[in-house]
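The block underneath contains the structure these notes are about, expressed in structure tokens.
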Amino acid sequence: MIRRMKRILQIAALVAVVAGYTFLLWRGPWLIDGSHLRTRELRPADGVVITGFRTTLVAVGAGVIACLGLYYTHHSLQQTRARDQQQAELTREGQVTDRYVEAIKLLSDDHPTQRLGGIYSLERIMRDSEKDHATVVTVLAAFVRQHARLSEVGSGPSQLAEEIQAALTVLGRRPERSEAARLDLRRTNLRGADLSHARLERARLAGCDLSQADLREINLDNAWLPRANLTGSTLTKATLSGANLRGANLTGAELSGVRLRGTDLRGADLSAARGHSVEQIGAALTDDTTRLPRSA
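Quick note: the sequence shown, position 219, residue 219 per UniProt numbering, numbers continuous.
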């Protein structure tokens with residue numbers, strides 16, 4: 001109803017403009033200069049004035065019509081572009097959805113090689129589609145938690161499955177974007193994992209087994225690692241500023257160049273840790289329950 005009324009008003013306005021323009025062509029000269037123009041028995045001078053006025057008015061009308069035509073063309077072009085962009089976006093979303101479904105199928109396959117393909121397909125989706133970033137991170141983290149449960153840890157050294165290492169690598173090198181949720185890898189068996197240079201800031205790693213892991217230059221700022229097992233891990237030049245390592249086991253860990261500013265080490269075991277300095281330990285939060293290295 002509103003659109004119909006708007007259409008009627010537009011038609012009425014157009015009729016009024018045409019009628020007004022026609023009236024000006026007819027009576028305009030006398031309205032503008034009626035005191036000098038005759039209404040009957042026009043002289044040549046009167047004809048010149050009338051013709052000049054009407055010629056000017058026609059030129060103005062033609063200019064207005066041309067401007068309206070240009071505006072209409074520009075507006076139509078913008079609408080066409082907007083529709084094309086919308087259609088392209090819908091097509092792209094459909095393609096991403098198809099790729100995502102296929103990647104999930106691969107990730108659920110029983111064959112390790114197929115799962116690897118699914119992991120790297122999800123990484124490509126994450127890089128291509130910012131909207132799907134959080135979803136892919138959540139899926140890969142859930143995959144790691146499911147296939148590397150801490151309860152499955154044996155008593156001796158174990159080699160991390162190739163697809164688990166691949167998922168960790170993808171998570172560690174994910175694009176730097178705003179993330180509302182923390183990366184959740186709690187209570188997982190990541191013994192011997194290669195997480196060097198990984199971005200795991202704010203990650204939830206409570207109770208995680210990272211013994212013998214390669215954590216060189218890893219970013220664990222503000223990460224959550226209470227009761228984590230870091231025995232024998234290599235933390236050279238790692239950053240753990242503001243991280244929570246309460247009750248963590250860092251026995252025999254390599255701490256050369258590690259940043260511990262504001263790191264919570266209360267209840268942590270740093271006995272036999274290597275490569276540390278007094279300044280490093282002093283920058284952390286410790287108490288009587290912290291087992292410090294003998295030289296600290």
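For each residue, glycine too, the CB sits at the ideal point set by N, CA and C.
Residue i (DSSP reduced to helix, strand or coil)
i	result
Glu254	strand
residue 306	As displayed, the chain neither begins before 1 nor continues past 296, which places residue 306 out of reach and without an answer.
Arg291	strand
Arg204	strand
Gly154	Below a pLDDT of 50, predicted positions are generally treated as unreliable, and Gly154, at 49, falls in that range; the measurement from the model is reported next regardless. Gly154 falls in the coil class under three-state DSSP.
Asp110	coil
Arg177	coil
Arg274	strand
Thr56	helix
Leu116	helix
Leu140	helix
Thr22	helix
Thr234	strand
Leu285	strand
Beta-carbon separation (whole angstroms), residue i vs residue j, contact threshold 8 Å
i	j	result
Val144	Leu185	6 Å
Ile119	Ala193	Actually they do not touch by this definition, with Cβ atoms about 15 Å apart.
Ser211	Ser233	6 Å
Gly267	Thr251	In fact, because the Cβ distance is near 13 Å, the residues do not count as touching under 8 Å.
Ala213	Arg191	7 Å
Leu183	Leu215	At roughly 15 Å, the Cβ-Cβ gap does not stay under 8 Å, so Leu183 and Leu215 are not in contact.
Arg199	Asn229	That belief does not hold up - the Cβ atoms of Arg199 and Asn229 are roughly 21 Å apart, past 8 Å.
Leu150	Arg187	4 Å
Leu265	Ala284	5 Å
Ser76	Arg99	That belief does not hold up - the Cβ atoms of Ser76 and Arg99 are roughly 34 Å apart, past 8 Å.
Closest Cα partner of residue i within the set the options
i	options	result
His197	Glu217, Leu210, Ser178 and Gly207	Glu217
Val18	Leu70, Ala62 and His75	Ala62
Ala248	Leu235, Asp214, Thr236 and Ala206	Ala206
Arg261	Val64, Gly267 and Thr286	Thr286
Glu254	Ser271, Glu93, Thr97 and Thr289	Ser271
Val136	Ala103, His111 and Ala161	Ala103
Glu279	Ser129, Leu292 and Ala268	Leu292
Leu171	Arg187, Thr138, Leu230 and Arg83	Thr138
Ser129	Thr97, Ile2, Ala180 and Leu265	Thr97
Glu176	Asp209, Ala134, Thr263 and His147	Ala134
Gly242	Arg274, Asp269, Ala273 and Arg202	Arg202
Thr263	Thr56, Thr239 and Gly275	Thr239
Asp110	Ile11, Glu163, Ala223 and Ser178	Glu163
Ala180	Leu245, Arg3 and Lys131	Lys131
Ala223	Asp209, Thr231, Arg204 and Lys237	Arg204
Thr113	Asp221, Ser76, Gln165 and Ala142	Gln165
Arg227	Arg127, Arg246 and Lys237	Arg246
Thr231	Asp221, Ala273 and Arg259	Ala273
Thr169	Gln79, Glu123 and Gln10	Glu123
Arg115	Leu140, Arg92 and Ile8	Leu140
His147	Ser108, Met1 and Val60	Ser108
Gln95	Ala16, Ile8 and Ile125	Ile125
Asn189	Arg173, Cys208, Arg174 and Ser178	Cys208
Asp269	Arg173, Ile11, Arg294 and Leu195	Arg294
Asn244	Asp221, Lys237 and Leu68	Asp221
Arg174	Asp84, Leu195 and Arg127	Arg127
Residues bridged to residue i [DSSP beta-bridge criterion]
i	result
Thr188	Arg149
Asn229	Asp209 and Asn249
Asn219	Arg199 and Thr239
Arg259	Thr239
Asp128	DSSP lists no partner for Asp128.
Asp269	Asn249 and Arg291
Asp194	Asp214
Asp264	Asn244 and Leu285
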